[in-house]
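Visitor:
4 protein chains.
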Amino acid sequence: MNRSEFAFFHPLRVRWAEVDMQKVVFNGHYMLYFDVAFTEYWRATGLPNSQVQAREGIEMFLRRATIDYQASAEFDDELEIGMRCARLGRSSMTVQGGIFRGDTFLVGGELLYVYADVAAKKGVPIPTAWREHLATFERVAPETA
Amino acid sequence: MNRSEFAFFHPLRVRWAEVDMQKVVFNGHYMLYFDVAFTEYWRATGLPNSQVQAREGIEMFLRRATIDYQASAEFDDELEIGMRCARLGRSSMTVQGGIFRGDTFLVGGELLYVYADVAAKKGVPIPTAWREHLATFERVAPETA
Amino acid sequence: MNRSEFAFFHPLRVRWAEVDMQKVVFNGHYMLYFDVAFTEYWRATGLPNSQVQAREGIEMFLRRATIDYQASAEFDDELEIGMRCARLGRSSMTVQGGIFRGDTFLVGGELLYVYADVAAKKGVPIPTAWREHLATFERVAPETA
Amino acid sequence: MNRSEFAFFHPLRVRWAEVDMQKVVFNGHYMLYFDVAFTEYWRATGLPNSQVQAREGIEMFLRRATIDYQASAEFDDELEIGMRCARLGRSSMTVQGGIFRGDTFLVGGELLYVYADVAAKKGVPIPTAWREHLATFERVAPETA
Chain A
21 MNRSEFAFFH
31 PLRVRWAEVD
41 MQKVVFNGHY
51 MLYFDVAFTE
61 YWRATGLPNS
71 QVQAREGIEM
81 FLRRATIDYQ
91 ASAEFDDELE
101 IGMRCARLGR
111 SSMTVQGGIF
121 RGDTFLVGGE
131 LLYVYADVAA
141 KKGVPIPTAW
151 REHLATFERV
161 APETA
Chain B
21 MNRSEFAFFH
31 PLRVRWAEVD
41 MQKVVFNGHY
51 MLYFDVAFTE
61 YWRATGLPNS
71 QVQAREGIEM
81 FLRRATIDYQ
91 ASAEFDDELE
101 IGMRCARLGR
111 SSMTVQGGIF
121 RGDTFLVGGE
131 LLYVYADVAA
141 KKGVPIPTAW
151 REHLATFERV
161 APETA
Chain C
21 MNRSEFAFFH
31 PLRVRWAEVD
41 MQKVVFNGHY
51 MLYFDVAFTE
61 YWRATGLPNS
71 QVQAREGIEM
81 FLRRATIDYQ
91 ASAEFDDELE
101 IGMRCARLGR
111 SSMTVQGGIF
121 RGDTFLVGGE
131 LLYVYADVAA
141 KKGVPIPTAW
151 REHLATFERV
161 APETA
Chain D
21 MNRSEFAFFH
31 PLRVRWAEVD
41 MQKVVFNGHY
51 MLYFDVAFTE
61 YWRATGLPNS
71 QVQAREGIEM
81 FLRRATIDYQ
91 ASAEFDDELE
101 IGMRCARLGR
111 SSMTVQGGIF
121 RGDTFLVGGE
131 LLYVYADVAA
141 KKGVPIPTAW
151 REHLATFERV
161 APETA
């Protein structure tokens, strides 16, 4: 992955507790980093928060994640996490993330989120207003399925 | 995934701190569960520990992970994590994991580990003795690439 | 602290992700260990779970914790966490924890829990039945304030 | 605790994964927050990093921690963590931390660090240059024992 693929970046400094005996960030914590960056990406779009609106019974759920480990982050590294909406389906959304230290690509992620009714366990259409908003927010409009 | 695909299971109880506001295990923690189960799987094979032998400069690194979220684990659930070596390459190994609550499949994982020289950042052949041992340990011998 | 002070122990194996670059369990994770052990202690008493009854608006909250670090736990250590109710107040409870590796005392904790009405933010008397039950469960009856 | 007691603050936003089913930050994670803030406090003093100099065999170890829970932090809260060196002993240091949301005090901590030789497990005098530096850095000079 390349920095130029992303318009949005979230800065994040590696914490002591996130680094293991191999002196690198424990592999599971990159999921945490992507989650933090996704929250900030969503905030940056200006769309209403999808996670905390659980009261209404409709939430964004992670359905699949693929993490590609190219190089390791270390203690105290100042990372930048690129995030973009790559594809918008009817009730799902593919988000790509890239973790960089300077220009060095470390870890990539592809996250498939589903917008769903929690009780019925069924996908719900992503609101049209959200689609239009995301298409405008992204430099490269998300592919539509 | 189905329980019958696995010969090895590690039991694990969901901790309070692992559950989020949606009352389910935070998605990143399943990577932690797979890591714990892999350690126990490896112990069960009787092979020498690959992670703590860092002194010798050769370690197992996670190169890629794909997590498939079908259903959620909840606080206090008694899970069983199936683990098997599905494929053995020259210097890499594909491990499959399946998290179950009773007969219900919750989360699947496919983890590609590379056996590598840390300093040279190069893959190193998995010892022949390990291959034979793993082939014997698994009910279904791992596919060889 | 000494093993003989405890009647209840919970076994716990140190996970890879819990160990830091100093090759010891990160200091904050002992709070997690005490939390896990408290859940198991409470289960062992047979009393109804205080944490998940949030619906009724009354919960056990941690009010103060003191952690005494004597020695460090390491990766893969098989620990035993002793836990006892040392003191029962009107609406509070002092729990003592001790983390051991074999006979070696590693980390001690004193945890003051308050039983409180969440909305009113006020302490609520611990039910008399619970007091009697805890007094019976503990080899040494908790001190009463 | 009061904001005016601190000259140094580190900002920190609560992550989704740090919040539990009671919709508050899990009690053990405040230790993580204090650890992060201490790293940043130390960086701000300009003193050499004490944690990563493990090669030389002398490190700062946490010997005791007391955490005082007054109120809870919630998801997405923008916290400020005050940190100060309250007392400098020969080979130990008492650090006070205070977690605030705006002017509201949430959680306080008192952390006793010991500067020690890892192999010999013995306290080592804190360098005089460090003492003088810390005394200058703090608005209110640390008490000396």
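First to last, the protein sequences are chains A, B, C and D. Just add 20 to wherever you are in the first sequence, counting from 1, and you've got my numbering. Just add 20 to wherever you are in the second sequence, counting from 1, and you've got my numbering. Just add 20 to wherever you are in the third sequence, counting from 1, and you've got my numbering. Just add 20 to wherever you are in the fourth sequence, counting from 1, and you've got my numbering. Even for Gly, the Cβ is constructed at its ideal location relative to N, Cα and C.
Give me, in chain order, the residues of the same chain whose beta-carbon lies closer than 6 angstroms to that of F54 of chain A; leave out the 5 immediate sequence neighbours on both sides.
Guide: G117 and G129.
Visitor: Would you mind giving the Cβ-Cβ distance between A57 of chain C and M113 of chain C, rounded to the nearest angstrom? I have them listed as a contact below 8 angstroms.
Guide: Contact flag wrong, Cβ pair sits at about 15 angstroms.
Visitor: Check whether chain B comes within 7 angstroms of K43 of chain D, counting only Cβ atoms and requiring the distance to be less than that.
Guide: Chain B, which has a Cβ nearer than 7 angstroms to the Cβ of K43 of chain D, makes this yes.
Visitor: Counting along the chain, where does the alpha helix (DSSP H) carrying Y113 of chain C start and finish?
Guide: According to the sequence provided, residue 113 of chain C is Met. The question's Tyr does not apply to it. That residue, M113 of chain C, is in no alpha helix (DSSP H); its beta strand (DSSP E) goes S112 to R121.
Visitor: Since I believe Y133 of chain A is in contact with V115 of chain A (beta carbons under 8 angstroms), could you give me their beta-carbon distance rounded to a whole number of angstroms?
Guide: Their Cβ separation, rounded to whole angstroms, is 6 angstroms, which keeps V115 of chain A and Y133 of chain A in contact under 8 angstroms.
Visitor: How about A37 of chain D and L82 of chain A: are their beta carbons less than 7 angstroms apart?
Guide: No, Cβ-Cβ distance for A37 of chain D and L82 of chain A is not below 7 angstroms.
Visitor: Is it true that the CB of L131 of chain B sits closer than 7 angstroms to the CB of Q90 of chain B?
Guide: No.
Visitor: What three-state label does DSSP hand M80 of chain D in the structure shown?
Guide: Correct three-state label for M80 of chain D: strand.
Visitor: Taking the beta carbon of A136 of chain A as the centre, do at least 16 other beta carbons fall within 10 Å, making it buried, or is it exposed?
Guide: Buried, by the Cβ-count rule.
Visitor: Check whether chain B comes within 7 angstroms of F46 of chain D, counting only Cβ atoms and requiring the distance to be less than that.
Guide: Taking Cβ atoms only, chain B reaches closer than 7 angstroms to F46 of chain D, which makes this a yes.
Visitor: So what does DSSP say about L131 of chain B, is it helix, strand or coil?
Guide: In this structure, L131 of chain B counts as strand in the three-state DSSP scheme.
Visitor: Spatial neighbours of V138 of chain C within its chain, please: C-beta separation below 8 angstroms, excluding the five flanking residues on both sides.
Guide: Closer than 8 angstroms at Cβ, skipping near neighbours: A74, G77, I78 and E79.
Visitor: At a CB-CB cut-off below 7 angstroms, which residues of chain B make contact with V39 of chain D?
Guide: What V39 of chain D touches in chain B: D40 and M41.
Visitor: Mind listing, in chain order, the continuous alpha helix (DSSP H) runs of no fewer than 4 residues lying wholly within the region 40–68 of chain D?
Guide: The region 40–68 of chain D contains these whole alpha helix (DSSP H) runs: 49–65.
Visitor: Short of 6 angstroms in beta carbon distance, which residues of its chain neighbour D88 of chain D, apart from the five on each side in sequence? Order them along the chain.
Guide: Around D88 of chain D: G128.
Visitor: Closer than 7 angstroms, CB to CB, is D88 of chain B near chain A or not?
Guide: For D88 of chain B, the answer is yes, since a Cβ of chain A falls inside 7 angstroms of its Cβ.
Visitor: Report the rounded CA-to-CA distance for E152 of chain A versus A64 of chain A, giving the unit in angstroms.
Guide: One C-alpha to the other measures close to 15 angstroms.
Visitor: Residues of the region 51–67 of chain B with a CB closer than 7 angstroms to any CB of chain A: list them in chain order, please.
Guide: If the cut-off is 7 angstroms between Cβ atoms, the region 51–67 of chain B has M51, L52 and D55 near chain A.
Visitor: Alpha carbon to alpha carbon, how far is Y50 of chain C from V39 of chain D? Give it in angstroms, no decimals.
Guide: Looking at the two C-alpha atoms, the distance is approximately 18 angstroms.
Visitor: Starting from F28 of chain D, follow the beta strand (DSSP E) in both directions and report where the run begins and ends.
Guide: Unbroken beta strand (DSSP E) run through F28 of chain D: F28 to R33.
Visitor: Near I62 of chain D, what residues of its chain come up, given a Cβ to Cβ distance below 6 angstroms and the 5 sequence neighbours on each side ignored?
Guide: At residue 62 of chain D the sequence reads Trp, which differs from the Ile that was named. Around W62 of chain D: no qualifying Cβ.
Visitor: Run the CB neighbour count on G122 of chain D, radius 10 Å, all protein chains shown included, and call it buried at 16 or more, exposed below.
Guide: Classification of G122 of chain D: exposed, given that the 10 Å Cβ count is below 16.
Visitor: Can you pull the chain B residues whose beta carbon is under 7 angstroms from the beta carbon of L82 of chain A, in chain order?
Guide: Correct list: N47 and Y89.
Visitor: How is the beta strand (DSSP E) around E98 of chain C delimited, first residue to last?
Guide: Where E98 of chain C is concerned, the enclosing beta strand (DSSP E) stretches over E98 to L108.
Visitor: Rounded to the nearest angstrom, what separates A85 of chain C and T86 of chain D at their Cα positions?
Guide: Straight-line Cα distance between these residues: approximately 6 angstroms.
Visitor: Should P147 of chain B go down as buried or exposed, given a rule of 16 or more other Cβ atoms within 10 Å for buried?
Guide: Exposed is the call here.
Visitor: Confirm, please, whether the CB-CB distance from A27 of chain C to R11 of chain C is below 7 angstroms.
Guide: Nothing can be reported for residue 11 of chain C: it is not among the residues displayed for chain C, which extend from 21 to 165.
Visitor: Three-state secondary structure (DSSP) at E25 of chain D?
Guide: Three-state DSSP puts E25 of chain D in a helix.
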